[in-house]
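So the sequences go chain by chain: R and D. If you count by the numbering used here, then the first sequence holds residues 351 to 766, one letter each, in order. If you count by the numbering used here, then the second sequence holds residues 3 to 176, one letter each, in order.
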Amino acid sequence: MTFAEKIFARKTGRETVRPGEVVSVRPDVVMTLDADAEIIYRFEALGLPKVWNPDGIVCSLDHYAPASTVRTADLHRKMRLFAREQGISRFFEVGDGLTHQIMLERGYARPGLFIVGTDSHTPSYGCIGAFSCGVGASDMLSIWATGELWFQVPESARIVLNGRLPAGVFAKDVILAIIRDFTASGCSYYCAEFSGGALQDMSVAERFVLANVSVEMGVKATYVEVDEVTRRYADRGGLPYETVVPDADARYRVEKQIDVAALPPLVACPHAVDNVRPVSELEGTEIHQAFIGTCASGRIEDFATAAAILRGKRIAAGVRLLIAPASRAVLEEAIARGYLEILVKAGATLLASGCGPCAGIHEGLLGEGERCISTANRNFRGRMGSPASEIYLASAATVASSALHGVISDPRRDLV
Amino acid sequence: MNGLIQGRAFKTGDHINTDYIISARYLDVYEPKELAAHLFEGLGPEAARRAKGCSILVAGENLGAGSAREQAPKALKGAGFRVIIAKSAARIFYRNTINVGLPVICYPEAVNAIEDGDEVSVNLNSGTIQTKRHGAFAFSPFPEPVRKILKAGGMFPMLMKMVPRLLKNQAERP
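See below:
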């Protein structure tokens, strides 16, 4: 059986399950954030005194962090009050971090767990060997009320990453190459399983990027092969877990081999994530904003790379570089290691941990004709502001180099 | 779920993501009618104007990709759309659309047979799509959980009906 089949078999107490079967599952952990505060009002309208399992619920404020309007400030107030009333102790404040990063750092996402969240990038926790998928507000309401939800057992895709990553090439480049090959809907409804020798060069943070950006080819969930790197990370918090790994004779709908050693830095061009080109073809393209943050980046590894490129230098005139750490823990580490000082002295503007600019809600929207290079996972037309703006997606290294030169740039020259 | 839906089709292309349906700037808006005022802003003013008065959304591949926002199907419902026919729909969007009580039928041939502005009728009971130019198409019944949710009029009304039983269960839990 594949990873997904084994998880569903375990959660339903059965020997085997088959792709396409519809089953009811009680998730181990569920996550909701402030963009779905409406669930609270609807839960209250149901008239049930208690949510199903307050200990299994994680709530956090990251889409409007800090509150962007009076209305969102009031939604935050409502969420805080509800969490207190319901005894939801895993509640995270403005500035604590992006929900997906909190799920990983705090160990709520652990190997072998079945996790559901009201955000499309919930499949990120495959990076630690958890099965996780996104749902909308009503599905979460059903879980809060009844503890369970219906799912279809997915088909799986096996993606093998061979070779070693060249200098200046990162997980972001690898996943953009994969999405270019699969296209934006090429892995729809699948669980994407990543394995292969290239994983040995990737920290959990890099694996997070693989899992997170996979959403842009339609995946339902992901799984990154569990190894020593996974176990070391999962053991940090001391919480129990039981790994679930696919069988050697598992059957896959699609199989793909990638030689990562042959990859150059890549960029997803407007206005689709599968519109991927080598950075060499885009060099010299003028940019106005550069952004290192979002749930696809903003981790300590990204700031280390950006600091290596910008140490003792100054970003180009006419460019604004926005940086948003994925969590308070990342921010504290970036301060302790001196990265923050390097980046701020280079001209970067520090933002709160949150989804604001990437989702086009607040903090760094784009005006007409403006061009942004970002570590985000989406570049849809108008997503960050004006419909006449453009978003290019790349690794933190490519974004930092581009900020330095004021034009889209190959980071390999700045990393020597 | 009312069985017979007749109306004008608004046809869009492939990869119409949820950002194009409703921008994240309106995620704090909860009223379907209010959301509807901003429907398809991401596709430009011309698309938003053409969509007015249409009750059948006809779309290409990967409809509703991207964000998990349920505000997207709510905005469609608020604008008067009563059924969606697409070549394929993104997973979370499909679930959300069913959950707001809006049926989604995935049928590439039917999509190809319908032009923007065509009169179309969909019979959910008999499972047929009647097109103006290319006759009728029979579609397969919805999977059981989807049928149940649509029959109740959406996830919220379905949960509402379960409340007495849920209250009893909660009272019996330790």
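Even glycine gets a Cβ: it sits at the ideal position worked out from N, Cα and C.
Checklist entry - Taking only beta-carbon atoms, is Glu388(R) less than 8 Å away from chain A? => result This model lacks chain A altogether, as its protein chains are R and D.
Item to check | Proximity below 8 Å, CB of Val626(R) to CB of Ala527(R) | outcome: Judged by their CB atoms, Val626(R) and Ala527(R) are nearer to each other than the 8 Å cut-off.
Item to check | CB contact flag (Pro615(R), Leu672(R), <8 Å) | outcome: With contacts defined as CB atoms closer than 8 Å, Pro615(R) and Leu672(R) fail to qualify as a contacting pair.
Next on the checklist: Please confirm whether Leu152(D) has its beta-carbon closer than 8 Å to some beta-carbon of chain R.
Outcome noted: The beta carbon of Leu152(D) does not come within 8 Å of any beta carbon belonging to chain R, so the residue lies off that interface.
Checklist entry - When the distance is taken between beta carbons, is Val610(R) closer than 8 Å to Val524(R)? => result Going by C-beta atoms, Val524(R) is nearer than 8 Å to Val610(R).
Item to check | Contact between the segment 43-56 of chain D and the segment 4-14 of chain D (3+ Cβ pairs under 8 Å) | outcome: The segment 43-56 of chain D makes contact with the segment 4-14 of chain D, as at least three CB pairs between them are under 8 Å.
Checklist entry - Where does Pro614(R) fall in DSSP's three states? => result Pro614(R) carries a coil assignment under DSSP once its states are collapsed to helix, strand and coil.
Next on the checklist: Please classify Arg427(R) as buried or exposed, where buried requires at least 16 other C-beta atoms within 10 Å of its C-beta.
Outcome noted: Arg427(R) should be labelled exposed.
Item to check | Cβ-based neighbour list, Asn98(D), same chain, cut-off 6 Å, excluding 5 preceding and 5 following | outcome: Closer than 6 Å at the Cβ level, and outside the excluded window around Asn98(D), lie Glu72 and Pro75.
Checklist entry - How big is the Cα-Cα spacing for Leu383(R) and Tyr414(R)? => result If you draw a straight line from the Cα of Leu383(R) to the Cα of Tyr414(R), it is about 10 Å long.
Checklist entry - Is there a Cβ from chain D that is less than 8 Å from the Cβ of Gly546(R)? => result So, not an interface residue.
Checklist entry - Whose C-beta lies closer than 6 Å to the C-beta of Leu65(D) among residues of the same chain, with five residues either side of it excluded? => result Result list for Leu65(D): Ile18, Ala88 and Ala91, in chain order.
Checklist entry - DSSP on Trp500(R), reduced to helix/strand/coil? => result Three-state DSSP puts Trp500(R) in a strand.
Checklist entry - Would the C-beta of Phe432(R) count as close to the ligand SAH, meaning under 7 Å from any of its heavy atoms? => result With respect to the ligand SAH, the structure shown offers nothing to examine, as it has no ligands at all.
Next on the checklist: Quick check on the burial criterion: 16 or more other C-beta atoms within 10 angstroms. Buried or exposed for Gly467(R)?
Outcome noted: Buried: at least 16 other Cβ atoms inside 10 Å.
Next on the checklist: Cutting at 7 Å between CB atoms, please list the residues of its own chain near Gln607(R), excluding the five before and the five after it.
Outcome noted: Annotation for Gln607(R): Val510 and Asn512 place their beta carbon closer than 7 Å to its own, counting only its chain and skipping 5 residues before and after.
Next on the checklist: Please confirm whether Gly668(R) has its beta-carbon closer than 8 Å to some beta-carbon of chain D.
Outcome noted: Gly668(R) does not count as touching chain D.
Checklist entry - Looking at the structure shown, is Thr130(D) part of a helix, part of a strand, or coil, going by DSSP? => result The three-state secondary structure of Thr130(D), taken from DSSP, is strand.
Next on the checklist: Please state whether the Cβ-Cβ distance between Asp531(R) and Val629(R) is less than 8 Å.
Outcome noted: Contact flag unset, no.
Next on the checklist: Restricting to runs no shorter than 3 residues, where is the beta strand (DSSP E) found entirely within the segment 612-698 of chain R?
Outcome noted: Listed in chain order, they are 616-618, 626-628, 639-642 and 670-673.
Item to check | Pick from Leu396(R), Gly397(R), Arg392(R) and Ser439(R) that is closest to Pro404(R), judged by C-alpha positions | outcome: Out of Leu396(R), Gly397(R), Arg392(R) and Ser439(R), the CA that lies nearest to the CA of Pro404(R) is found in Ser439(R).
Checklist entry - Taking 8 Å as the CB-CB cut-off, is Leu398(R) touching chain D? => result With 8 Å as the cut-off, Leu398(R) counts as an interface residue toward chain D.
Checklist entry - When the Cβ atoms of the segment 359-371 of chain R are set against those of the segment 125-137 of chain D, are three or more pairs found closer than 8 Å? => result At 8 Å Cβ cutoff, the stretches do not touch.
Next on the checklist: Does any residue of chain R have a CB that is nearer than 8 Å to the CB of Pro110(D)?
Outcome noted: Pro110(D) does not count as touching chain R.
Next on the checklist: Among Arg762(R), Ala738(R) and Leu765(R), whose alpha-carbon lies nearest the alpha-carbon of Gly46(D)?
Outcome noted: For Gly46(D), the nearest C-alpha among the options comes from Ala738(R).
Checklist entry - Where do the N-terminal and C-terminal ends of the beta strand (DSSP E) with Cys483(R) fall, by residue? => result That run of the beta strand (DSSP E) goes Phe481 to Gly484.
Next on the checklist: Between Val485(R) and Ala154(D), how many whole angstroms is the CB-CB distance? I'm expecting something under 8 Å.
Outcome noted: Contact doesn't hold; Cβ gap of about 18 Å is too wide.
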